[in-house]
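Residue numbers (this note's numbering): 1 to 116. Quick reminder that beta carbons are idealized off the backbone N, C-alpha and C, glycines included. Computed from a prediction, not measured in an experiment: that's the story for all the values here. Single-structure report; data block below.
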C-alpha cells in the first residue's frame, strides 16, 4: 500500500506563488508517473501536471506557462510550483501515483485558496 501526503496549501493572494509537495511512502516498487490533479467546487477533477520517472512532464493548458512539476525520485516526492496565481486556481489539489504494476494511489488533497 502506497501512502501519499500532500502539503503546502493555504491562502495565496492573486499574482502570488505556491509550492506544493507530495511525498510517497510504503512502496516497494517504482512509481511510473506522479500526477497533480485539482478539483474546484462544482467542477470535475482535472489534471494539472505530471512527471514520469524519466522526467517527461505534461501540463494542462491552463497552467502551462505558470507551472513546473519537478520530481525527486530518491525521495519519492513530486512538487508543483505555480506562479501568477488566479482566483480560478482555487481548488483542492490532489497527488496521484501511477505504479509500474498498474495500480494508482491518491493523496487526501490540500486546499489552495487564491483570494485577496
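Might you give, ordered along the chain, the residues of its own chain that have their beta carbon closer than 6 Å to the beta carbon of residue 45, omitting 5 neighbours on each side?
-> Here residue 45 corresponds to residue number 45 of the chain shown, with the count starting at 1. Once the five neighbours on either side are set aside, the close Cβ partners of residue 45 are 37, 39.
Continuous beta strand (DSSP E) stretch holding residue 61: start and end = Numbered from its first residue, the chain shown carries residue 61 at position 61. Segment: none, residue 61 is in no beta strand (DSSP E) and carries neither H nor E.
Is the CB of residue 67 under 7 Å away from at least one CB in chain C?
-> You won't find chain C in this structure, because it holds only one protein chain.
Flag this pair as yes or no: are the beta carbons of residue 85 and residue 5 separated by less than 7 Å?
-> Position 85 of the chain shown, counting from 1, holds the residue named residue 85. Position 5 of the chain shown, counting from 1, holds the residue named residue 5. No.
Applying the criterion that 16 or more other CB atoms from any shown protein chain within 10 Å of the CB defines a buried residue, is residue 111 buried or exposed?
-> By 1-based counting over the chain shown, the position of residue 111 is 111. Exposed is the call here.
Residue 74: first and last residue of the uninterrupted beta strand (DSSP E) it sits in | By 1-based counting over the chain shown, the position of residue 74 is 74. Taken as a continuous stretch (DSSP letters only), residue 74 belongs to no beta strand (DSSP E), as it is neither H nor E.
Under 7 Å between C-beta atoms of residue 100 and residue 32 | Taking the chain shown and counting its residues from 1, the one referred to as residue 100 is at position 100. Taking the chain shown and counting its residues from 1, the one referred to as residue 32 is at position 32. Yes.
In angstroms, rounded to a whole number, what distance separates the CA positions of residue 20 and residue 93?
-> Within the chain shown, the letter at position 20 stands for residue 20. Within the chain shown, the letter at position 93 stands for residue 93. Counting only the Cα atoms, residue 93 lies some 9 Å from residue 20.
If you scan the region 10-57 from start to end, which runs of the beta strand (DSSP E) of 3 or more residues do you find wholly inside it?
-> 10-12, 18-25, 31-39, 46-52
Quick one: what's residue 3 bridged to in DSSP?
-> By one-based count along the chain shown, residue 3 stands at place 3. Residue 3 pairs with 25.
Output the distance between the C-alpha atoms of residue 10 and residue 88, rounded to the nearest integer angstrom.
-> Position 10 of the chain shown, counted from the first residue, corresponds to residue 10. Position 88 of the chain shown, counted from the first residue, corresponds to residue 88. When rounded, the distance between both Cα atoms is 15 Å.
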